[in-house]
Amino acid sequence: MLNRSIIAFFILLFTATYSSAITSSKEKPKYLWFDAEANFKRFASKDSISYYLEKAKSVGFNQVVVDVKPIYGEVLYKSKILPPLTTVNGKVIHRDWDYLQYFIDEAHRLELKVTVSTAMFPAGHPGTSEGVVYEDKYWDGKTHNEIINFYFINTNI
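Read in order, the letters of the sequence shown are residues -21 to -1, 1 to 136 in mature numbering (1 follows the signal peptide of the UniProt record, and there is no 0).
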């Protein structure tokens, strides 16, 4: 009896999973990209994130891309390794909540799929002199070309 119940459970689970996969795979993906730097001030509050995700859903988007590590080398998610991004173009915002987790939770509430975007190696923005390479004198003069647009850190060293 127990074996039949277990088998019935897995058949039901497989059927539900398979039918939802078929439904979602037929829907054409419509992405909206949320750039971290461009929206840094706009997404200083949870209400603003919710508003724009709801607006995205209402106009037909079904997937969002959330940028969480722009060229500064700092991140918009809780990390034990990288520091949080708190300053962009002189605007300082300290969040006591996890930016990425809130985006994920809200998007899932609205049945939006989420893709996370991150710049892999950049660590500073020379236009504003903000980022990891500008906060530590160790990096001063590490590049040989004065017209380099972005600084990179090799995390494998």
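Beta carbons are placed, not taken as given, at the ideal position from N, Cα and C, and that holds for glycine.
| request: Any chance you could list the alpha helix (DSSP H) runs of at least 4 consecutive residues sitting entirely within the segment 22 to 84, in chain order? | output: 25 to 37
| task | Tell me whether the beta-carbon of Leu89 lies closer than 9 Å to the beta-carbon of Val45. | result | no
| Which two residues bound the contiguous beta strand (DSSP E) that contains Tyr10? | 10 to 13
| said: With a threshold of 8 Å on Cβ separation, who are the neighbours of Tyr10 within its own chain once the five nearest residues in sequence on each side are excluded? | reply: Phe40, Gln42, Val43, Val44, Thr94
| message | Please classify Gly110 as buried or exposed, where buried requires at least 16 other C-beta atoms within 10 Å of its C-beta. | response | buried
| Separation of Ser108 from Tyr117, as counted between CA atoms | 15 Å
| said: Starting from Tyr113, trace the alpha helix (DSSP H) in both directions and tell me its first and last residue. | reply: 111 to 114
| Ala102 by DSSP, collapsed to three states: which one? | strand
| Which residues in the same chain as Leu64 place their Cβ atom closer than 8 Å to its Cβ, once the five residues preceding and following it in sequence are excluded? | Ala15, Phe19, Lys48, Pro49, Tyr51, Glu53, Val54, Leu55
| said: Measuring alpha carbon to alpha carbon, tell me which residue in Thr97, His87, Ile60 is nearest Ala35. | reply: His87
| query | Hey, out of Ile28, Ala98, Ala17, whose CA is closest to Tyr81's CA? | reply | Ile28
| Nearest neighbour of Gly69, chosen from Gly106, Lys59, Met99 [CA to CA] | Gly106
| said: For Lys92, report the span of its beta strand (DSSP E) as first-last. | reply: 92 to 97
| said: Taking only three categories from DSSP, how would you classify Tyr117? | reply: helix
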